[in-house]
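Residue numbers (my numbering), protein chains in the order written: chain A, 16 to 226; chain B, 16 to 226.
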DNA sequence: GACTAATATGACTTTTAAGTCATATGACTC
DNA sequence: GAGTCATATGACTTAAAAGTCATATTAGTC
């Protein structure tokens, strides 16, 4: 956690620092990031930085925390009403919101990638803090859909949730990394949803698409 | 590429060094690996090491190369006969062989993960060297299946191949990381295959499973 | 405008680890 | 066994970058 001095700073100054850090971590990842570049880009001195944060890790965590919190907030409306909606709707909304964020703040996404890759090394606490919500949400969507009779019989919901989660993660990475254009992106999303729906929905529930 | 001196070494000595390096990179990743530990564990001196390899990166690349080459070799039989087989067979074989390798040499897999995560930073050449084979193989399987009339109409083969590739990668990671038992593993594989088949095969081609 | 507390500064210290090199040892030939 | 070449050694050099600290500046209060 940043020190009080950081929060005493004018908002704009805080944002300049956060932006510089985000640029650095998104480009180089934690291991290859450089504090001199960060303070340089922030227009503050090294000494000042260490009055705001304990160390480099503290800054990194602070950014991750900001990002995750923001994403969770954006997803809240979907999470709060999922029981009243179909799987397809919930799924598409969740996916789109994630993409939207990644889109408006591509560096958030890159940092998230770096973070995910580094997890085994020094994290865990974060996973424990946030994962229950994130990873299980598809399982919840599926459970509900199952109760509503949307799904085929005999599906292993937990497994299917993990398959879907993989698909979303990787597809999102692909779309962001390649800077896919909106039109093409909509097509990819539609195809992915169709791919999943054909596999898990009762035939009667599947919308148009490949036969 | 290692220097000639490395290849002049007795095979066992080479293997000790490779094993020490594999242990180190698999545990710490490239960025946090330490040459002193590697030479220590190898029982050679620092100076000797730099007679065998240009630098740390050279060693890392050498290991990656070994792993990829070995995997390609194991997959060759499937690749060479895929045209005569169904998609499901090709897919399952490829998946199983990958798992088998990851299973017999879990550290290969960890190193591969590290490598994959680091790609954007300093690689590319490797991707260009190996990816055409690896990534496109599912597309090839699918093309063939399509010609044979196994697939639903209207599928976007390229996209579907990328979906499948995501599923395999992530599922493999999951199975290895969690040390899933063989029986449970077979179940996961079967469910994944069923998941994919329901989505892409003509109804008449789908084997048993969820309805 | 003197006093105090909070914040800012950047040269400096410290740590870590990659990579070097002068020297030593062994192995092979005549 | 002298001469030569290949290989081995580890103390040392070098570089990079995180984090510190004595000093300076600013802001607020009387």
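Beta carbons: idealized from backbone N, C-alpha and C, even for Gly. A quick note: this is a predicted structure, and the numbers were derived from the prediction, not measured.
What span of residues does the alpha helix (DSSP H) with residue 94 of chain A cover, start to end?
71-96
Within a Cβ cutoff of 8 Å, which residues of the same chain sit near residue 200 of chain B, ignoring the five residues on either side of it in sequence?
114, 190
Helix, strand or coil: which one does DSSP assign to residue 157 of chain B?
helix
Buried versus exposed call for residue 127 of chain A [16 or more other C-beta atoms within 10 Å across all chains shown]:
buried
If you compare alpha carbons, which of A:38, A:47, A:152 is closest to residue 175 of chain A?
A:152
Where residue 170 of chain A falls: helix, strand or coil (DSSP):
coil
Are any of the Cβ atoms in chain A nearer than 9 Å to that of residue 152 of chain B?
no
State the CB to CB distance for the pair residue 160 of chain B and residue 102 of chain B, rounded to an integer number of angstroms; the pair is presumed to be in contact (CB under 8 Å).
4 Å
Among B:213, B:27, B:63, B:72, nearest to residue 48 of chain B - alpha-carbon criterion
B:72
Under 9 Å between the Cβ atoms of residue 75 of chain B and residue 40 of chain B?
yes
So, using beta-carbon positions, are residue 82 of chain B and residue 57 of chain B closer together than 9 Å?
no
Count the other C-beta atoms from every protein chain shown that fall within 10 angstroms of the C-beta of residue 86 of chain B, then say buried if there are 16 or more, exposed otherwise.
buried
Proximal residues of chain B, C-beta to C-beta of residue 185 of chain A below 9 Å
177, 178, 180, 181, 182, 184, 185
Would you list, in chain order, the members of the stretch 162-175 of chain A that have their beta-carbon closer than 9 Å to a beta-carbon of chain B?
166, 167, 168, 169, 170, 171, 174, 175
So residue 189 of chain B contacts chain A; which residues on that side make the cut at Cβ distance below 7 Å?
177
My guess is that residue 220 of chain B and residue 165 of chain B are in contact by the Cβ rule of under 8 Å, so how many angstroms apart are they, rounded?
5 Å
Name, please, each residue of chain B whose Cβ falls closer than 8 Å to the Cβ of residue 203 of chain A.
174
Mind checking which residues open and close the alpha helix (DSSP H) that includes residue 119 of chain A?
102-119
Please go through the same chain and pick out, in chain order, the residues whose beta-carbon is closer than 7 Å to the beta-carbon of residue 121 of chain A, but skip the five residues on each side of it.
191
Check residue 24 of chain B in the structure and name its three-state DSSP category.
coil
If I measure Cβ to Cβ from residue 124 of chain B and keep anything under 7 Å in the same chain, skipping five residues before and after, which residues do I get?
117, 191
Looking only at its own chain, which residues have a Cβ that is under 7 Å from the Cβ of residue 45 of chain A, when we skip the five neighbours before and after it?
75, 129, 133
Spatial neighbours of residue 68 of chain A in its chain, beta-carbon cut-off 8 Å, leaving aside the 5 residues before and after:
17, 18, 21, 74, 77
If the cut-off is 8 Å on Cβ atoms, which residues from the stretch 85-113 of chain B count as contacting chain A, listed in chain order?
none
At the level of alpha carbons, what is the spacing between residue 55 of chain A and residue 185 of chain B?
39 Å
Can you confirm whether residue 210 of chain A, when its beta carbon is compared against all beta carbons of chain B, has any partner nearer than 9 Å?
yes
Look at the alpha carbon of residue 207 of chain A and the alpha carbon of residue 173 of chain A, and state the distance between them as a whole number of angstroms.
19 Å
Shorter than 9 Å from the beta carbon of residue 220 of chain B to some beta carbon of chain A?
no
What residue ranges within the stretch 25-59 of chain B form continuous alpha helix (DSSP H) runs of no fewer than 4 residues, ordered along the chain?
26-43, 50-57
Residue 66 of chain A to residue 35 of chain B span [Cα, whole Å]
41 Å
Is any beta-carbon of chain A found at less than 9 Å from that of residue 47 of chain B?
yes
Run the CB neighbour count on residue 212 of chain B, radius 10 Å, all protein chains shown included, and call it buried at 16 or more, exposed below.
buried
Can you grab the Cα-Cα spacing for the pair residue 202 of chain B / residue 183 of chain B, in whole Å?
14 Å
Cross-strand partners of residue 207 of chain A (DSSP beta bridge):
Residue 207 of chain A is not bridged to any residue.
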